[in-house]
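Chemist:
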Ligand SMILES: [Fe+2]
């Protein structure tokens, strides 16, 4: 991370932390009725949920802890809810993982801001004098509070990531957080059930009402763990392929990085970028079936060698299309050696018959081949490779993809 971005991130984190503390102080002074029982009971549940939270792909985590602070807000009011939220400062797992101190400050600040703003909106609209707890206006206010918390919480986190990683805020938000909307609505409903039973019967009902929330969190955990296991297996497969092909060590990882750079310049969604990265990592997987004598041949290829080499996109495609997560984009592997003018292989597809991901892979793959040394050729400099990309734009490469990559490379200097 550059010095400027580091500085911007630190300024942002401290601003979030200080704003969080100011909101906490304001609420504690304005709403002086604090329930010690509420802080202890809901604080303990919040602590459990927060320490079992599930990390998200880019940053942030999924936890049902908000369900408990929301229930404490409905039952006891803003001050109790904010003290319950403050329990996020005691995330033991993050301390054990030696997470940098500014991430703790950010977590505390963003939780206090989000819960604080949601509490203020809640308190100004919620009718505490209402005879029936399940009065429609109050139910709507609870869901409005969920919405305010969700937007504030996820926007603060997405802003931090977009500052630190120079990623598009909207793309990031859509990919990393938008899919959580249904679960947030579920949390709102659960908070209503928890507070209804708690008020009507006793605090003991928490034993029964908190269980579904913990199960919901475990479901999140399984979903994320499945994705991580898949990504880790993909990287293992890449290592196997690269161990076989001694001249292309690190090639797939670099192609994945270049592909991501192009995709960001083309403003593809974060979801598309993640799929593309995985496909790019696996683009040469089919080389596992290419004869070793061809793969590691020190000189230039003859016709027979080329025939052997040309089967790798088909073999790679046949393997990757069996991976559910990547099935829809596996054809990028099949066509990554096709050219815009139809002179590529294996099928001689041309122009728009070639999918976008394959066009991106083709540019990224060729650039890496140009800029790395092989026994039969010297590596081109970045400047020479850019000229080569421009020269082949429209014939070998898609002009739009080529232009996007050249732009990124020139900007990078
Ligand atoms: Fe290839």
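In the numbering used here, the protein residues as written are 102 to 514.
Backbone N, C-alpha and C define an ideal beta-carbon position, used for all residues, glycine too.
These numbers come from a predicted model, not from an experiment.
Locate the alpha helix (DSSP H) running through residue 193, then write down its first and last residues.
Modeler: Element bounds for residue 193: 193 to 197.
Chemist: In terms of DSSP beta bridges, what is residue 163 paired with?
Modeler: 155, per the DSSP bridge assignment.
Chemist: I'd like to know if the segment 234 to 252 and the segment 262 to 270 are in contact, where contact means that at least 3 CB-CB pairs between them fall below 8 Å.
Modeler: The segment 234 to 252, when compared against the segment 262 to 270, does not touch it at the 8 Å Cβ threshold.
Chemist: Name the DSSP beta bridge partners of residue 494, please?
Modeler: Residue 494 pairs with 498.
Chemist: If you compare alpha carbons, which of 310, 246, 184, 371 is closest to residue 273?
Modeler: For residue 273, the nearest C-alpha among the options comes from 371.
Chemist: Quick one, are the C-beta atoms of residue 76 and residue 164 less than 8 Å apart?
Modeler: A question about residue 76 goes unanswered here, because the residues of the chain that appear run from 102 up to 514.
Chemist: Cβ atoms of residue 366 and residue 275: under 8 Å apart, would you say?
Modeler: No. Outside cutoff.
Chemist: Can you tell me whether residue 365 is helix, strand or coil according to DSSP?
Modeler: Three-state DSSP puts residue 365 in a helix.
Chemist: What are the partner residues of residue 475, as DSSP defines its beta bridges?
Modeler: According to DSSP, residue 475 bridges with 478.
Chemist: Can you round the beta-carbon distance between residue 486 and residue 472 to whole angstroms, since I take them to be within the 8 Å contact cut?
Modeler: 5 Å between Cβ atoms; contact.
Chemist: Inspect the beta-carbon positions of residue 383 and residue 364 and report whether they are closer than 8 Å.
Modeler: Contact flag unset, no.
Chemist: Looking at the structure shown, is residue 403 part of a helix, part of a strand, or coil, going by DSSP?
Modeler: Here residue 403 sits in coil by DSSP.
Chemist: Is it the case that the Cβ atoms of residue 226 and residue 242 are separated by a distance below 8 Å?
Modeler: Result yes, Cβ atoms of residue 226 and residue 242 sit closer than 8 Å.
Chemist: DSSP state of residue 121, grouped into three classes?
Modeler: Note: residue 121 maps to helix in three-state DSSP.
Chemist: Leaving out five residues before and five after residue 461 in sequence, what residues of the same chain have Cβ atoms less than 6 Å from its Cβ?
Modeler: Cβ within range, chain order: 360, 363, 502.
Chemist: Quick check on residue 313: does DSSP put it in helix, strand or coil?
Modeler: Note: residue 313 maps to helix in three-state DSSP.
Chemist: Can you give me the C-alpha to C-alpha distance between residue 411 and residue 197, rounded to a whole angstrom?
Modeler: Rounded to the nearest angstrom, the two C-alpha atoms are 50 Å apart.
Chemist: For residue 432, does the three-state DSSP call read helix, strand or coil?
Modeler: In the structure shown, residue 432 sits in a helix (DSSP, three-state: H, G or I).
Chemist: Go ahead and pull the three-state DSSP assignment for residue 228.
Modeler: In this structure, residue 228 counts as coil in the three-state DSSP scheme.
Chemist: Could you tell me the distance, in whole angstroms, from the CA atom of residue 255 to the CA atom of residue 248?
Modeler: One C-alpha to the other measures close to 11 Å.
Chemist: Hey, would you say residue 172 sits closer than 8 Å to residue 296, going by beta carbons?
Modeler: Contact flag set, yes.
Chemist: Which value, in whole angstroms, describes the spacing of the CA atoms of residue 191 and residue 201?
Modeler: The alpha-carbon atoms of residue 191 and residue 201 are separated by roughly 14 Å.
Chemist: Would DSSP call residue 409 helix, strand or coil?
Modeler: Note: residue 409 maps to helix in three-state DSSP.
Chemist: Does the distance between the C-beta of residue 385 and the nearest non-hydrogen atom of ligand 1 fall short of 7 Å?
Modeler: Residue 385: yes, Cβ under 7 Å from ligand 1.
Chemist: Assuming the contact rule is C-beta atoms closer than 8 Å, residue 132 and residue 168 should be a hit. Round their C-beta distance to whole Å, please.
Modeler: With a Cβ gap of about 21 Å, residue 132 and residue 168 do not count as contacting.
Chemist: Tell me which same chain residues have a C-beta within less than 6 Å of the C-beta of residue 194, skipping the five on either side of it?
Modeler: Here the set comprises 152.
Chemist: Using only alpha-carbon positions, find the residue among 283, 333, 344, 375 that is nearest to residue 393.
Modeler: When only C-alpha atoms are compared, the closest one is 344.
Chemist: How many whole angstroms separate the CB atoms of residue 215 and residue 253, which I take to be in contact at a CB cut-off of 8 Å?
Modeler: Confirmed, Cβ separation roughly 4 Å.
Chemist: Considering only residues of the segment 315 to 386, which uninterrupted alpha helix (DSSP H) runs meet the minimum length of 4 residues and lie entirely inside it, listed in chain order?
Modeler: Segments of the alpha helix (DSSP H) lying fully in the segment 315 to 386: 352 to 366, 371 to 382.
Chemist: According to DSSP, simplified to helix, strand and coil, what is residue 397?
Modeler: Note: residue 397 maps to coil in three-state DSSP.
Chemist: Would you say residue 456 and residue 415 are within 8 Å of each other, going by their C-beta atoms?
Modeler: No; because the gap between Cβ atoms is not below 8 Å, this pair is not in contact.
Chemist: Quick one: using the 10 Å Cβ neighbour count with 16 as the cut-off for buried, is residue 228 buried or exposed?
Modeler: Exposed: under 16 other Cβ atoms inside 10 Å.
Chemist: Please determine whether the Cβ atom of residue 205 lies at a distance below 7 Å from any heavy atom of ligand 1.
Modeler: Because no heavy atom of ligand 1 lies under 7 Å away, the Cβ of residue 205 does not count as near it: no.
Chemist: Closer than 7 Å: is that where the CB of residue 111 sits relative to any heavy atom of ligand 1?
Modeler: Residue 111 Cβ: outside cutoff for every heavy atom of ligand 1.
Chemist: Under 7 Å: does the beta carbon of residue 352 sit that close to some heavy atom of ligand 1?
Modeler: No, the Cβ of residue 352 stays beyond 7 Å of every heavy atom of ligand 1.
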